[in-house]
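All remarks here apply to the structure that follows.
Numbering (my numbering), first residue to last: 19 to 171.
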């Protein structure tokens, strides 16, 4: 396996504080703008949204891959992500990313193993490891209730 990978993305300005971003690897370009609080266009992906999205999507794909390798079955994984943007003397920066994974398992006996995989995904998510903002993960793990099967009578 190669030890270096490159990801080339191009952005161009289409109007004040807005533009499109594209990659040869992704067929659909994405419109972006500064967020409304910085005089950008509402209803369009902002770099701040994309930054937080890159952390949460990396976490989800890392957990999913680790679960597959570990043969851990789960019903669903949903992760809410919150990026905390703060201003200090040097300007604005993300100081913390909070991830709130909600994992639903198929079996109670997998709860401890799932917790270990969630912890490992937090430690090994390459995007989270590449940023200076603090990463906080507040996990919730539950077991799906079995749906009773009616007996034929």
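We put the CB at the ideal spot given by N, CA and C, even for glycine.
Looking only at C-alpha atoms, which of the options sits nearest to residue i?
i	options	result
residue 100	33, 25, 156	156
residue 153	159, 144, 161, 160	144
residue 65	56, 57, 59, 51	51
residue 86	132, 31, 20	132
residue 93	163, 20, 147	163
residue 63	117, 39, 109, 134	39
residue 88	150, 106, 159, 135	135
Kindly indicate the opening and closing residues of the alpha helix (DSSP H) around residue i.
i	result
residue 67	65 to 87
residue 130	129 to 142
Locate the beta strand (DSSP E) running through residue i, then write down its first and last residues.
i	result
residue 113	109 to 123
residue 32	28 to 33
residue 161	158 to 161
residue 149	Segment: none, residue 149 is in no beta strand (DSSP E) and carries neither H nor E.
residue 99	92 to 106
Residue i and residue j look like a contact to me (Cβ under 8 Å); what is the Cβ gap, rounded to whole Å?
i	j	result
residue 104	residue 113	5 Å
residue 74	residue 117	6 Å
residue 37	residue 28	That belief does not hold up - the Cβ atoms of residue 37 and residue 28 are roughly 10 Å apart, past 8 Å.
residue 49	residue 84	Incorrect: roughly 33 Å between the Cβ atoms, too far for contact.
Tell me the rounded alpha-carbon separation between residue i and residue j.
i	j	result
residue 123	residue 54	39 Å
residue 81	residue 129	14 Å
residue 33	residue 24	28 Å
residue 57	residue 44	28 Å
residue 47	residue 41	7 Å
residue 148	residue 22	15 Å
residue 109	residue 115	18 Å
residue 106	residue 67	20 Å
So, for residue i: in the same chain, excluding its five sequence neighbours on each side, which residues have a beta-carbon less than 6 Å away from its beta-carbon?
i	result
residue 140	155
For residue i, I'd like the list of residues in its chain whose CB is within less than 7 Å of its CB, leaving aside the five on either flank, ordered along the chain.
i	result
residue 96	120
residue 69	101, 112
residue 90	128, 131, 132, 135
Got a sec? Which residues, its chain only, sit under 8 Å from residue i by beta carbon, not counting five neighbours each side?
i	result
residue 76	143, 144, 145, 146
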